[in-house]
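Protein sequence lines, in the order shown, are assigned to chains A and B. In terms of UniProt numbering, the first sequence opens at residue 1 and continues consecutively. In terms of UniProt numbering, the second sequence opens at residue 1 and continues consecutively.
There are 2 protein chains.
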Amino acid sequence: MPSYQAPLRDMRFVMNEMFDYPSHYAALPNGEEASPDVVGAILEEGARFARDVLLPLNQSGDEEGCLLEGGEVKAPRGFKEAYQQYVEGGWPSLAADPEQGGQGLPPSLAMMLSEMICATNLAWGMYPGLSHGAADALRHHGTDAQKATYLTKLVEGVWTGTMCLTEPHCGTDLGLIKTRAVPAEGDAYQITGTKIFISAGEHNLAENIVHLVLAKLPDAPEGSKGISLFVVPKFLPDAEGNPGQRNGVSCGSLEHKMGIHGNATCVMNFDGATGYLVGAPNKGLACMFTMMNAARLGVGIQGLGLMEASFQNSLGYARDRLQMRGLSGVQAPDKAADPIIVHPDVRRMLLTQKAFAEGGRMLVLYTAQMLDVVEHGAAGEEKERAETLLGLLTPIVKAFLTEVGFECTNEGVQIFGGHGFIKEWGMEQLVRDARITRLYEGTTGIQALDLLGRKVLMSQGESLKVFTKEIHKFCQAEADNPALKEFIEPLAKLNAQWGELTMGIGMKAMQDREEVGAASVDYLMYSGYVAVAYLFARAAKQAASAQGGEDAAFYTAKLNTARFYYQRLLPRTKAHAAMIQAGAGSLMAISSEDFGLGFEI
Amino acid sequence: MPSYQAPLRDMRFVMNEMFDYPSHYAALPNGEEASPDVVGAILEEGARFARDVLLPLNQSGDEEGCLLEGGEVKAPRGFKEAYQQYVEGGWPSLAADPEQGGQGLPPSLAMMLSEMICATNLAWGMYPGLSHGAADALRHHGTDAQKATYLTKLVEGVWTGTMCLTEPHCGTDLGLIKTRAVPAEGDAYQITGTKIFISAGEHNLAENIVHLVLAKLPDAPEGSKGISLFVVPKFLPDAEGNPGQRNGVSCGSLEHKMGIHGNATCVMNFDGATGYLVGAPNKGLACMFTMMNAARLGVGIQGLGLMEASFQNSLGYARDRLQMRGLSGVQAPDKAADPIIVHPDVRRMLLTQKAFAEGGRMLVLYTAQMLDVVEHGAAGEEKERAETLLGLLTPIVKAFLTEVGFECTNEGVQIFGGHGFIKEWGMEQLVRDARITRLYEGTTGIQALDLLGRKVLMSQGESLKVFTKEIHKFCQAEADNPALKEFIEPLAKLNAQWGELTMGIGMKAMQDREEVGAASVDYLMYSGYVAVAYLFARAAKQAASAQGGEDAAFYTAKLNTARFYYQRLLPRTKAHAAMIQAGAGSLMAISSEDFGLGFEI
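Rendered as structure tokens:
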């Protein structure tokens with residue numbers, strides 16, 4: 001069975017040594033609760049829960065999958081008990097508002113716990129995971145009565161939530177949805193329609209499920225401007241707020257999927273189900289983005305967790321597996337062959353995992369600080385800046401970390417050789433589980449359009465400048481630091497090029513809107529590489545200044561990881577830059593009909 | 001269910017229009033049999049067999065998998081009947097030696113059929129697929145009696161073959177094998193040991209199975225110089241050559257794998273099984289490479305087939321699925337939304353599949369001509385040249401086509417969005433099936449060491465020069481062709497850089513052997529991109545000169561595909577070149593112990 005230890009030392013490095021989380025937390029309202037001691041204790045307790053409770057259920061959950069019987073879904077063996085422990089431990093309410101019974105700790109802290117959960121059991125993690133989005137939507141857009149009825153239960157974790165958006169004929173293009181909401185008694189509506197790909201849509205972990213459902217009111221405007229959001233509970237709460245009458249919503253079937261078998265991905269049938277409007281009529285898309293943005297960060301963290309899990313197990317295997325002698329001579333003369341970690345190409349793969357996991361963690365914790373300020377900070381310039389950066393970085397966190405996360409889980413299989421393909425070792429499950437992260441909550445292509453189109457170009461590049469200026473200042477400040485020369489020089493160039501590429505696309509897009517789509521994914525990947533390069537340069541600065549002492553080996557390894565990232569991963573920006581500059585021409589040249597002339601008769 | 005049409009038009013373009021296969025075949029002994037009409041008819045018949053017989057069994061085979069009961073393995077429903085049809089159709093003997101009952105057609109032709117089989121049912125294709133390697137080993141190294149007993153049956157397809165190399169503790173490093181061969185009565189040996197990952201090791205498709213087994217003789221030298229090859233039949237042939245007494249070899253268990261579920265991947269126990277030496281004692285490794293090289297080309301073709309399959313179905317989906325409007329305006333005003341093929345990023349993914357599939361086909365058919373000459377051509381300069389090119393290109397075909405093949409099957413999932421993750425659509429199966437191709441018959445890392453270490457550097461770069469000279473001549477000849485300027489200029493530069501990079505590695509490697517391993521995979525990928533770029537330039541030349549006429553749209557699409565390849569895929573060489581030049585330093589810096597300091601306590 002795969003093993004896992006939460007990377008607590010690395011988390012401490014990023015939180016305390018790089019980003020000064022102690023001061024950051026202290027400056028937040030309620031921040032005194034998040035003292036370094038408390039944070040440390042929570043992370044350690046979470047690490048134990050993930051390792052001891054969730055990890056042992058990961059492979060068995062994958063093998064068993066979920067069972068739909070008589071309309072009820074049974075999650076794999078042990079999932080329900082683990083969820084009970086999770087609720088009893090108070091984990092769901094960690095970062096929730098004290099007004100709704102939450103502990104009021106900063107969301108960034110919950111994100112580090114989320115990394116551990118995703119690393120050990122992604123399928124399980126999606127049962128409580130979706131509740132956050134539903135809770136966010138209710139917190140921001142729900143009435144006081146809705147908050148009292150649903151939000152408190154979601155925060156406690158005794159009920160879980162879903163996001164019911166996708167329908168068979170539409171996922172990305174939600175303007176096409178067919179689910180209808182017809183006014184009924186009082187403030188109720190009757191919801192009718194079919195939703196697909198509903199994670200945790202039906203299960204036996206919690207006593208009730210709160211569906212957040214997109215539907216159209218009668219006479220709603222066409223397209224995305226005519227979408228409204230409704231809350232539709234599985235059991236209608238009774239007068240005491242406990243689950244009462246069964247509502248007209250049920251699971252029609254479970255999807256058979258490539259991965260995350262332990263999670264129930266449901267077709268949900270709404271058959272005149274009773275629902276209540278959340279937010280204003282026809283403004284459901286805005287409410288949905290509230291859920292979606294939280295969910296997108298969450299999916300990026302899934303990529304991070306999965307690569308860390310793959311890295312740790314690959315490292316163990318690479319140290320144990322004996323195969324061939326080192327190219328420059330025998331390394332382990334007492335053994336029949338050398339451990340494969342001596343081979344440079346195995347090291348290249350391990351370092352790819354290590355660098356992306358550590359880089360991803362920095363990116364998440366950098367973005368998480370912005371989220372803390374947006375959620376809890378006082379209005380003002382700092383909050384505005386945090387909002388801009390959060391908006392800019394959310395699609396990068398989501399898409400970049402899931403793209404490289406998938407790559408890293410595949411490196412894990414590759415390091416295991418043929419054994420990586422065998423289920424027993426657990427490495428191929430990480431690949432199958434990781435595959436969905438590039439798709440759900442908006443594919444990489446959609447994230448890329450969000451980044452380049454909505455975030456960067458719509459602001460005339462201003463949102464990007466907030467970030468590139470910060471990088472520029474850092475480069476200027478360290479320009480004369482000889483220890484950082486190898487990082488600052490390439491970073492400054494790439495940072496300048498980032499702006500130039502943006503300008504170039506903007507100019508071309510004025511002539512031809514297709515240029516935005518043509519450049520978008522390469523632009524997102526370029527952005528991800530440079531953002532992580534900036535953070536590795538800061539890590540290198542920290543590590544260089546902290547060298548010596550009892551953690552000397554840790555800092556040296558960190559410096560060398562930064563070096564590897566700059567020398568062996570960052571050059572990929574050269575390719576992305578060239579492909580961005582190549583433009584849309586070669587993409588648009590072949591007609592739909594002529595695409596298949598090689599095989600169509 | 002996924003659909004498939006063999007890309008006959010594209011095959012004709014490459015074979016007849018680009019590489020003049022008619023003359024190539026005519027120049028081979030027995031070549032008059034391979035007239036364009038015969039070749040065309042065989043390809044069309046093969047296309048029907050793949051589409052009508054194999055494709056319908058692909059998803060069901062994946063779902064059912066294989067069953068081990070009482071030592072017997074049952075392949076999925078329909079596999080046995082399809083195999084009977086395959087044998088009755090004379091397919092196994094197509095390219096085999098007439099002396100052993102083969103049809104004596106060139107191996108290149110069998111490779112195009114193999115593409116179709118891999119595209120429609122890889123798991124099935126591995127039952128007959130492994131026989132070729134076993135047959136090759138016997139043909140080259142077997143005694144006349146062994147040929148009479150085993151080879152004829154393998155050629156007919158009434159028996160199938162395996163390659164029993166890997167053991168639990170060693171795959172790449174076969175010098176470590178523990179299986180023993182002890183002399184017994186007459187020329188027989190008793191073979192004892194355990195082999196794992198044996199594809200088609202046991203099954204119900206054929207009446208006998210011929211295992212080619214690596215084992216060590218008593219007092220054999222240590223390591224890879226002490227390996228011998230044995231033929232070990234499942235049933236010992238009786239006096240008439242029919243399956244007689246059951247031999248002491250049996251399937252201990254079946255592996256549970258990420259993909260190719262329909263193929264039986266067996267743990268094989270040899271328990272004093274009777275075997276016969278093939279080739280000279282302790283020279284088994286050379287015999288094994290005979291099998292291995294054929295198998296490596298075969299695996300590259302698996303990558304090709306899978307990407308073509310993914311491309312075709314992605315194209316169909318992209319034309320049908322309606323989602324969002326085109327960025328530059330409505331494209332299908334009569335529909336609720338535009339088909340997603342209008343979106344540039346969807347086109348980028350489709351074109352990536354199309355360009356790699358067409359590029360891969362050119363690379364396979366270029367290499368296949370060399371194989372034809374090596375197998376059938378008369379001794380002389382041309383044959384020597386073909387041997388050099390075949391040796392150089394085999395690891396590139398194997399590793400490059402499986403790496404980009406995996407990428408392309410993943411693009412297929414991405415184009416399908418969330419539906420790509422659902423089993424029903426068949427796209428995720430292609431990913432799972434493709435995943436093994438990067439591993440078996442030598443991982444990408446092993447192919448890369450073969451290319452850079454054995455093939456290029458060991459020949460002081462001479463083998464590479466044979467190929468780069470050809471490219472150089474082509475670039476010179478077309479230097480003044482304005483229609484090809486956009487291809488020739490970058491190709492000439494990359495070709496020159498290929499030599500420079502090689503020299504650079506060679507120089508560094510004289511100081512430090514680790515530099516070879518550190519550069520190897522990036523070098524292999526760089527080589528693959530440039531080789532395919534050369535072939536796309538030739539395709540563009542052909543298409544440019546053939547424009548007009550009734551196939552004008554085909555040639556225009558080909559030119560545009562070449563353009564896409566040059567503009568949007570070939571720039572990846574920039575990254576690979578930079579990573580090669582970065583050297584081994586950052587890979588070797590961190591000690592095995594310090595790799596895990598972020599999480600190990």
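C-beta atoms are modelled at their ideal positions from N, C-alpha and C, and glycine is treated no differently.
- Using a Cβ-Cβ cut-off of 9 Å, B:SER545 is close to nothing in chain A; its nearest Cβ partner there is about 18 Å away.
- Residues of the stretch 503 to 515 of chain A whose Cβ lies closer than 7 Å to any Cβ of chain B, in chain order: ASP512, ARG513 and GLU514.
- In this structure, the straight-line span from the alpha carbon of B:VAL530 to that of B:LEU297 is close to 19 Å.
- For the pair B:SER108 and B:GLY102, the CB atoms are not nearer than the 8 Å cut-off.
- Closer than 9 Å at the C-beta level to chain A, one finds these residues of the stretch 335 to 351 of chain B: ALA336, ALA337, PRO339, ILE340, ILE341, VAL342, HIS343, PRO344, ASP345, VAL346, ARG347, ARG348, MET349, LEU350 and LEU351.
- Taking 8 Å as the threshold, the shortest C-beta distance from A:VAL39 to chain B does not fall below it.
- Taking A:ASN282 as the centre and dropping the five residues before and after it, the same chain places the C-beta of LEU217, ALA220, PRO221, LYS225, GLY226, ILE227 and SER228 closer than 8 Å to its C-beta, in chain order.
- Interface annotation, B:THR394: not in contact with chain A, CB-CB separation never under 8 Å.
- Check the Cα spacing between B:VAL397 and each of B:PHE416, B:LEU587, B:ILE301 and B:ALA41: the tightest is with B:ILE301.
- In this structure A:VAL330 is exposed. Its beta-carbon is surrounded by fewer than 16 other beta-carbon atoms within 10 angstroms.
- The DSSP assignment places complete alpha helix (DSSP H) segments of no fewer than 4 residues inside the stretch 83 to 125 of chain B at 107 to 120, in order along the chain.
- Counting only runs of 4 or more residues that sit fully inside the stretch 352 to 423 of chain A, the alpha helix (DSSP H) segments are 381 to 415, in chain order.
- Rounded to the nearest whole angstrom, the C-alpha separation of B:GLU255 and A:PRO128 is 34 Å.
- Our two residues, B:LEU535 and B:GLU17, have alpha carbons roughly 13 Å apart in a direct line.
- No Cβ of chain B is located within less than 8 Å of the beta carbon of A:ARG296.
- Annotation: A:ALA355 to A:PHE564 spans about 8 Å, alpha carbon to alpha carbon.
- By the 16-neighbour rule on beta-carbons within 10 angstroms, A:MET126 is buried.
- B:ALA589 is a Cβ neighbour of A:ASN560, given a cutoff of 8 Å.
- Under the DSSP assignment, B:ASN495 falls in the alpha helix (DSSP H) whose first and last residues are 485 to 511.
- For the UniProt domain "Acyl-CoA oxidase/dehydrogenase middle" (163 to 271) of chain A, the set of residues with a beta-carbon nearer than 7 Å to any beta-carbon of chain B comprises THR166, CYS170, GLY171, THR172, ASP173, LEU176, PHE197, GLU255, HIS256, LYS257 and MET258, in chain order.
- When DSSP states are grouped into helix, strand and coil, B:VAL158 belongs to the coil group.
- When B:LEU105, B:GLU384 and B:ASN313 are compared, the shortest CA-CA separation from B:GLU424 is found for B:ASN313.
- Membership of A:MET268 in the beta strand (DSSP E) is indicated by the continuous run 265 to 278.
- The alpha-carbon separation between B:ASP320 and B:ASP345 amounts to approximately 16 Å.
- Under DSSP, A:SER199 takes part in a beta bridge, and its partners are A:THR265.
- Under the three-state reduction of DSSP output, A:ARG319 falls in the helix class.
- Note on A:GLU308: 16 or more other CB atoms within 10 angstroms of its CB, so buried under the neighbour-count rule.
- In the three-state reduction of the DSSP assignment, B:PRO22 falls in the helix class, which pools H, G and I.
- Among the residues facing chain B, A:PHE421 is included, as its CB has a counterpart in that chain under 8 Å away.
- Partner residues in the beta bridge of A:SER253, as assigned by DSSP, are A:VAL267.
- By the neighbour-count criterion, in which a residue is buried when 16 or more other Cβ atoms sit within 10 angstroms of its Cβ, A:HIS132 is buried.
- Taking a cut-off of 8 Å for Cβ pairs, the stretch 400 to 412 of chain B and the stretch 433 to 441 of chain B touch, as three or more such pairs fall below it.
- In this chain, B:HIS211 is not harboured by any alpha helix (DSSP H); it is covered by the beta strand (DSSP E) spanning 208 to 215.
- Taking 8 Å as the threshold, the shortest C-beta distance from A:TYR440 to chain B falls below it.
- Distance from B:LEU569 to B:THR352 at the Cβ level is roughly 7 Å; contact confirmed, criterion being Cβ atoms closer than 8 Å.
- For B:GLY461, the CB contacts under 8 Å within the same chain, skipping 5 residues up- and downstream, are GLY499, THR502, MET503 and GLY506 in chain order.
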